[in-house]
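Those protein sequence lines, which keep their order, are chains A and B. Its first residue numbered 0, the first sequence is counted upward by one per residue in numbering that gives the first Met the number 0. Its first residue numbered 0, the second sequence is counted upward by one per residue in numbering that gives the first Met the number 0. Beta carbons are placed, not taken as given, at the ideal position from N, Cα and C, and that holds for glycine. As structure tokens, the structure follows; a few thoughts come after it.
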Amino acid sequence: MGDSQYSFSLTTFSPSGKLVQIEHALTAVGSGQTSLGIKASNGVVIATEKKLPSILVDETSVQKIQLMTTNIGVVYSGMGPDSRVLVRKSRKQAQQYFRLYKEAIPVTQLVRETAAVMQEFTQSGGVRPFGVSLLIAGYDDNGPQLYQVDPSGSYFSWKASAMGKNVSNAKTFLEKRYTDDMELDDAVHTAILTLKEGFQGQISSKNIEIGIIGADRKFRVLTPAEIDDYLAEVE
Amino acid sequence: MSIFEYNGSALVAMVGKNCFAIASDRRLGVNLQTVATDFQRIFKIHEKLYIGLSGLATDAQTMYQRLVFRHKLYQLREERDMKPQTFASLVSALLYEKRFGPYFCQPVIAGLGDDDIPFICTMDCLGAKELAKDFVVSGTASESLYGACESMYKPNMEPEELFETISQALLSSVDRDCLSGWGGHVLLVTPTEVQERTLKARMD
Numbered sequence: 000m001g002d003s004q005y006s007f008s009l010t011t012f013s014p015s016g017k018l019v020q021i022e023h024a025l026t027a028v029g030s031g032q033t034s035l036g037i038k039a040s041n042g043v044v045i046a047t048e049k050k051l052p053s054i055l056v057d058e059t060s061v062q063k064i065q066l067m068t069t070n071i072g073v074v075y076s077g078m079g080p081d082s083r084v085l086v087r088k089s090r091k092q093a094q095q096y097f098r099l100y101k102e103a104i105p106v107t108q109l110v111r112e113t114a115a116v117m118q119e120f121t122q123s124g125g126v127r128p129f130g131v132s133l134l135i136a137g138y139d140d141n142g143p144q145l146y147q148v149d150p151s152g153s154y155f156s157w158k159a160s161a162m163g164k165n166v167s168n169a170k171t172f173l174e175k176r177y178t179d180d181m182e183l184d185d186a187v188h189t190a191i192l193t194l195k196e197g198f199q200g201q202i203s204s205k206n207i208e209i210g211i212i213g214a215d216r217k218f219r220v221l222t223p224a225e226i227d228d229y230l231a232e233v234e
Numbered sequence: 000m001s002i003f004e005y006n007g008s009a010l011v012a013m014v015g016k017n018c019f020a021i022a023s024d025r026r027l028g029v030n031l032q033t034v035a036t037d038f039q040r041i042f043k044i045h046e047k048l049y050i051g052l053s054g055l056a057t058d059a060q061t062m063y064q065r066l067v068f069r070h071k072l073y074q075l076r077e078e079r080d081m082k083p084q085t086f087a088s089l090v091s092a093l094l095y096e097k098r099f100g101p102y103f104c105q106p107v108i109a110g111l112g113d114d115d116i117p118f119i120c121t122m123d124c125l126g127a128k129e130l131a132k133d134f135v136v137s138g139t140a141s142e143s144l145y146g147a148c149e150s151m152y153k154p155n156m157e158p159e160e161l162f163e164t165i166s167q168a169l170l171s172s173v174d175r176d177c178l179s180g181w182g183g184h185v186l187l188v189t190p191t192e193v194q195e196r197t198l199k200a201r202m203d
């Protein structure tokens with residue numbers, strides 16, 4: 000493949016017009032644990048597998064879903080440490096916006112700034128692209144919103160989306176199941192069922208993580224007890 | 000003479016029933032010499048948001064240019080107009096950026112916010128915000144303006160009455176100040192229309 004000769008440098012286009020490093024970054028994302036998001040009529044839910052490398056790991060110390068602001072949450076597929084860097088930068092940008100305007104940052108603005116950071120790392124010297132795709136879920140004056148941001152810095156608004164290992168099966172499942180008038184609870188059930196589709200092993204509140212935001216505009220990660228309740232309803 | 004008195008100015012904004020009025024004098028001076036009698040101190044940011052800038056005229060113009068720049072970018076990025084409260088926070092932040100070499104101007108901000116609720120505020124040259132429910136004043140005639148507004152103001156005035164009140168308050172105050180006057184300029188903003196009027200006054 001002629002492209003491989005151009006894969007050494009991020010800032011060099013290959014003859015086919017691709018930046019090969021970004022393609023590799025997407026591969027890193029594609030081999031990460033599955034995560035998904037669903038936008039309901041009155042909120043957004045994001046969820047991810049939380050497969051830990053060993054049973055000796057204290058699962059309460061691991062949190063993949065994080066808050067960017069009180070009304071915006073994020074989940075990733077790919078390299079965890081890269082997502083932490085992005086979350087840190089985005090949190091700072093959100094607070095800078097608030098300091099200037101004394102107003103909470105709209106979801107689209109925060110997504111744009113996060114995407115701009117990711118794009119910077121595809122055009123600077125001596126850095127590599129981020130090995131994560133992010134699903135950003137928020138609720139602001141424009142209602143519930145769900146965005147996906149890729150390592151290249153492109154972002155899309157989704158009604159429902161999945162990323163990571165099982166992405167094609169998950170997306171097919173979501174396409175069948177998604178309805179425009181879904182409510183938040185239905186969306187959570189659908190999210191669990193979608194995760195179950197490609198899940199290896201027994202799904203439980205210890206190996207998945209779910210975050211929701213409703214009309215109260217407060218993003219929160221569900222406790223294991225709440226996840227158990229939803230799992231029981233799904234059975 | 001202090002730097003704030005170099006050009007002379009008078010600004011006042013008042014809240015009425017679902018409307019607001021903002022008024023200024025028209026004199027531009029260089030110390031005691033009058034140089035222009037049609038100087039604009041009140042600027043439009045968008046249909047429902049106006050800012051008046053008193054103090055040093057060059058700083059007022061520069062501040063206005065910077066604010067219009069920021070607001071236009073905001074409109075392009077966020078695809079909406081700035082709310083008055085947000086705009087006031089922005090003005091305050093921009094003024095404080097120059098804490099140790101400030102712009103010598105005192106803004107008066109007036110706008111209609113969400114649900115067309117009137118919003119007014121003023122701040123000093125360093126960005127200390129002062130929100131008010133009734134009226135705000137600024138400029139070399141501010142002390143007279145405080146007195147005039149305090150006695151003439153009533154809450155919930157209809158647009159016509161508000162216009163009369165703010166005009167009388169402005170004219171009687173600038174008549175007591177040698178550095179401001181030479182006519183008046185009043186903008187009355189309701190949810191549906193904007194009325195702009197020039198006041199005939201003592202030309203001294």
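| message | Just to confirm the assignment: which complete alpha helix (DSSP H) runs, minimum length 4, are found wholly within the stretch 122-182 of chain B? | response | 141-151 and 158-173
| said: Helix, strand or coil for B/A200? Go by DSSP, reduced to three states. | reply: coil
| Interface residues of chain B around A/Q94 at Cβ under 9 Å? | Per Cβ cutoff of 9 Å: no residues; A/Q94 is ~13 Å from chain B at best.
| query | What separation, rounded to the nearest whole angstrom, lies between the Cα atoms of A/P150 and A/S82? | reply | 11 Å
| request: Reducing DSSP to helix, strand and coil, say where A/D149 ends up. | output: coil
| B/E21 and B/L198 closer than 8 Å at C-beta | The question names Glu, yet the displayed sequence has Ile at residue 21 of chain B. No; because the gap between Cβ atoms is not below 8 Å, this pair is not in contact.
| task | Would you mind stating whether A/G210 and A/I45 have Cβ atoms separated by less than 8 Å? | result | yes
| query | Going by other Cβ atoms of all chains shown within 10 Å of its Cβ, with 16 needed for buried, is A/Q62 buried or exposed? | reply | exposed
| Residue range of the unbroken beta strand (DSSP E) whose run includes B/P106 | C104 to L111
| Of the listed residues B/V34, B/A35 and B/Y102, nearest to B/R65 (C-alpha basis) | B/Y102
| With a cut-off of 8 Å, does the C-beta of A/L99 fall near any C-beta of chain B? | yes
| query | A/R216 CB to nearest chain B CB: under 8 Å? | reply | no
| request: Please name the residue or residues paired with B/L187 in a DSSP beta bridge. | output: B/A20 and B/Q194
| request: Please name the residue, chosen from A/S132, A/A93, A/V187 and A/M117, that lies closest to A/Q108 on a Cα-to-Cα basis. | output: A/A93
| field | Pick from A/K164, A/A39 and A/F12 that is closest to A/Y177, judged by C-alpha positions | value | A/A39
| field | Minimum C-alpha distance to A/F172 - residue among A/T189, A/S60 and A/G137 | value | A/T189
| Would you call the CB atoms of A/Y100 and B/L111 closer than 8 Å? | no
| task | Compare the C-beta of B/R76 against all C-beta atoms of chain A and say whether one is closer than 8 Å. | result | yes
| Exposed unless 16 or more other CB atoms sit within 10 angstroms - verdict on A/L133 | buried
| query | What is the rounded straight-line gap between the Cα of A/T113 and the Cα of A/I226? | reply | 29 Å
| field | Beta-carbon contacts of B/R98 that lie in its chain and below 7 Å, excluding the five residues immediately before and after | value | L125
| request: Output yes if chain C places a C-beta closer than 8 Å to the C-beta of A/P105; else output no. | output: Of the chains in the structure shown, none is chain C; the protein chains are A and B.
| query | For A/Q199, which of helix, strand or coil comes out of DSSP? | reply | coil
| Limits of the unbroken alpha helix (DSSP H) element including B/Y73 | A56 to E77
| field | B/E195 to B/I41 span [Cα, whole Å] | value | 11 Å
| said: Between B/L89 and chain A, is the shortest Cβ-Cβ distance under 8 Å, so that the two count as touching? | reply: yes
| request: Please name the residue in A/Y75, A/G29, A/Q20 and A/R111 whose C-alpha comes closest to that of A/G125. | output: A/Q20
| query | Does B/Q84 have its Cβ less than 8 Å from a Cβ in chain A? | reply | yes
| field | Residues bridged to A/T68 [DSSP beta-bridge criterion] | value | A/I71
| query | By DSSP, does A/G16 sit in helix, in strand, or in coil? | reply | coil
| query | Per DSSP, what kind of secondary structure is A/M162 in: helix, strand or coil? | reply | strand
| If we ignore side chains and look at the alpha-carbon of each, how far apart do B/T121 and B/P106 end up? | 6 Å
| Along chain A, in chain order, which residues have C-beta atoms closer than 7 Å to that of B/A127? | Ordered by position in chain A, no residue passes the 7 Å Cβ test against B/A127, which lies about 14 Å from the chain.
| message | Do B/V173 and B/S179 have their beta-carbon atoms positioned less than 8 Å apart in this structure? | response | yes
| said: Does B/G7 pass the burial test, meaning 16 or more other C-beta atoms within 10 Å, or should it be called exposed? | reply: buried
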